[in-house]
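Peer 1:
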Amino acid sequence: MSVKYLLGTWVLAWLFCQGAAYLPVVMWHGMGDYCCSPFSMGRIKGMIEDEHNGTYVYSIMIGDNFIADIENGFLKNVNDQIDEACEKIQADPLLADGYHSVGFSQGGLFLRALVQRCPVPQMHNLVSIGGPQQGVYGFPNCPPSIAFCRLIRPLLSDAAYTPWIQDILVQA
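For the sequence shown, the positions run -21 to -1, 1 to 151 when mature numbering (1 follows the signal peptide of the UniProt record, and there is no 0) is used.
#1: Can you give me the Cβ contacts of R22 inside the same chain, cut-off strictly under 7 Å, excluding the 5 residues immediately before and after it?
#2: List the residues that DSSP assigns as beta-bridge partners of L105.
#3: Can you tell me which of F18, P98, F118, C14 puts its alpha carbon nearest to the alpha carbon of N44?
#4: To the nearest angstrom, how far is it from the Cα of V149 to the Cα of Q113?
#5: Which residue comes first and which comes last in the alpha helix (DSSP H) that contains M20?
#6: Are there 16 or more other CB atoms within 10 angstroms of the CB of F127, so buried, or fewer, so exposed?
#7: Taking the alpha-carbon of P72 as reference, which of R91, S124, V81, P100 has the nearest alpha-carbon?
#8: Please name the residue in G9, W143, G77 whose C-alpha comes closest to that of P111.
#9: Compare the C-alpha of I41 against each of F89, N32, Q95, Y78 and name the closest.
#10: Enumerate in chain order the residues of its own chain whose CB-to-CB distance from V57 is below 8 Å, with the five nearest sequence positions on each side excluded.
#11: May I ask you to report which of helix, strand or coil DSSP gives S16?
#12: Quick test of your reading: V4 and H103, contact by CB under 8 Å. State the CB separation rounded to the nearest angstrom.
#13: Once the 5 residues before and after I147 are set aside, which same chain residues still bring their CB inside 8 Å of it?
#14: Since S136 is in the beta strand (DSSP E), which residue starts that stretch and which ends it?
In structure tokens, the structure reads:
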């Protein structure tokens, strides 16, 4: 049994024990992944559907195809992504009575924004797996003992807060 399988089963067991069994599930992937990859999100979607009596699972895609979905995880303005996800969720009649959500990495952060800015339909529970809820500082895994890291860290920190970088680079 894989760790993903055990983790997915635990998350869903927790969700369904919260008194709103068999509500649909909305998932949002992390950076570099896409909504329906058969090796990640598609597999988890199938697992939820199989293990929980055909529960409806909607995996958010930002854009019109999987390539756009991957690119948008890096380059599309986050506010625009939240707006697009809200429109898609509100347009889905199977989500009209509310849903549970599971976000993976960056998707967990985006779902936090979604619950605040898109109250209808209601998100009953949010589970964030591996999401950097307190942010990321500097250049991860680049120790200050390395000259390059000492040089690049202040440049990245300054650039990340400029408006034009904030508009085009999700990780800023």
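By construction, the Cβ of each residue, glycine as well, lies at the ideal position given by its N, Cα and C atoms. Computed from a predicted model, the values in this text were never measured in an experiment.
Peer 2: According to the data block:
#1: none
#2: S80
#3: C14
#4: 15 Å
#5: 20 to 30
#6: exposed
#7: P100
#8: G9
#9: F89
#10: F89, A92, V149
#11: coil
#12: The Cβ separation is near 10 Å, so there is no contact.
#13: L54, N56
#14: Looking at the DSSP string, S136 is not in any beta strand (DSSP E); the run it does join, the alpha helix (DSSP H), is 126 to 139.
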